[in-house]
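This report refers to the structure that appears directly beneath it.
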Amino acid sequence: MRPMPLEPSERKVPLGPRLRAARQARGMTIEELARTTDLTKGFLSRVERDMTSPSVSSLVSICDVLSIQIGTLFEQPDVQLVRDGDGPKVNLGGVDTVERLVSPRGEGRLQVIRSTINPEGNGGNDLYAVAADVDVLHVLAGQVQVQFSDNVWDLGPGDTLTFSGHEPHNWRVLGDEVAEVIWVLVPALWSS
1 MRPMPLEPSE RKVPLGPRLR AARQARGMTI EELARTTDLT KGFLSRVERD
51 MTSPSVSSLV SICDVLSIQI GTLFEQPDVQ LVRDGDGPKV NLGGVDTVER
101 LVSPRGEGRL QVIRSTINPE GNGGNDLYAV AADVDVLHVL AGQVQVQFSD
151 NVWDLGPGDT LTFSGHEPHN WRVLGDEVAE VIWVLVPALW SS
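Its first residue numbered 1, the sequence shown is counted upward by one per residue in full-length UniProt numbering.
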């Protein structure tokens with residue numbers, strides 16, 4: 001039986017930006033990386049811009065200094081798409097609202113929820129808190145009022161309010177327009 005030759009994949013692996021991100025995440029300058037690896041600053045700059053490919057031994061040296069495993073440079077990024085209208089409906093207790101989870105179901109770092117709120121829609125009768133360290137409300141359309149125990153904020157399209165989810169609050173739509181808002185909760189309240 002004759003061996004069947006395989007053609008290489010057409011996929012180009014962007015090593016440079018990944019190496020640059022790893023270096024910058026460690027607060028290391030390109031000069032420090034050059035000095036530590038005994039490679040030139042110019043060579044490392046070309047590698048980070050994907051203008052040249054490092055040898056295996058150079059790549060091993062760079063990865064050792066940056067404390068990353070070589071294999072992670074070749075992994076496919078974890079990218080997940082949730083199309084408009086495809087996210088599952090959720091119920092966070094809002095009155096006259098349709099809420100959809102638009103971040104991936106299993107994402108535990110944060111949750112993004114898109115709410116369509118009818119006129120006079122609200123978060124209920126009482127102030128409430130959620131188990132999120134950070135709660136972000138971004139208004140896409142309409143007018144929304146957010147109430148805290150000591151303050152009230154009126155928000156319109158393009159406005160964003162960031163606060164601790166542990167802080168008791170409530171919200172309601174102002175006027176007779178439907179409001180569209182995005183809630184971002186960090187960390188996620190639940191994951192499935």
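Don't be surprised by glycine CBs; every beta carbon is placed ideally from N, CA and C.
Spatial distance of residue i from residue j (CA atoms)
i: N151; j: L44; result: 52 Å
i: V134; j: V181; result: 16 Å
i: R20; j: E48; result: 6 Å
i: G124; j: W171; result: 8 Å
i: T52; j: R26; result: 23 Å
i: H138; j: G106; result: 22 Å
i: T29; j: T160; result: 35 Å
i: V146; j: N122; result: 10 Å
i: K89; j: V130; result: 18 Å
i: I117; j: E99; result: 8 Å
i: V60; j: Q143; result: 55 Å
i: A34; j: S149; result: 55 Å
i: L101; j: E75; result: 27 Å
i: G85; j: G158; result: 21 Å
i: residue 204; j: V178; result: With the chain covering only 1 through 192, there is no way to say anything about residue 204.
Collapsed DSSP secondary structure at residue i in the structure displayed
i: V65; result: helix
i: G121; result: strand
i: T72; result: helix
i: S103; result: coil
i: D161; result: Checking the displayed sequence, the identity of residue 161 turns out to be Leu instead of Asp. If DSSP states are grouped into helix, strand and coil, L161 belongs with the strands.
i: V144; result: strand
i: L155; result: strand
i: S58; result: helix
i: L174; result: strand
i: L19; result: helix
i: Q80; result: coil
Given residue i as reference, the closest of the options once Cα atoms are compared
i: W153; options: I117, L174, A141; result: L174
i: E167; options: K12, T97, A132; result: A132
i: R18; options: G156, P77, S61; result: P77
i: V184; options: F148, Q111, Y128; result: Q111
i: L155; options: V13, L140, T97, G108; result: L140
i: G108; options: R23, P14, P187; result: P187
i: V13; options: A22, T40, T72; result: T72
i: D38; options: Q69, D64, E120, V102; result: D64
i: D96; options: I70, S103, G165, D176; result: D176
i: S103; options: G87, S115, L92, S55; result: G87
i: V82; options: R114, E120, F163, V56; result: R114
i: W190; options: N91, S55, T162; result: N91
Endpoints, alpha helix (DSSP H) assigned at residue i
i: I30; result: 30–37
i: S45; result: 41–48
Residue span of the beta strand (DSSP E) that contains residue i, given as start and end
i: E180; result: 179–186
Beta carbon proximity, residue i to chain B, threshold 8 Å
i: L185; result: Looking for chain B here will not work: only one protein chain is present.
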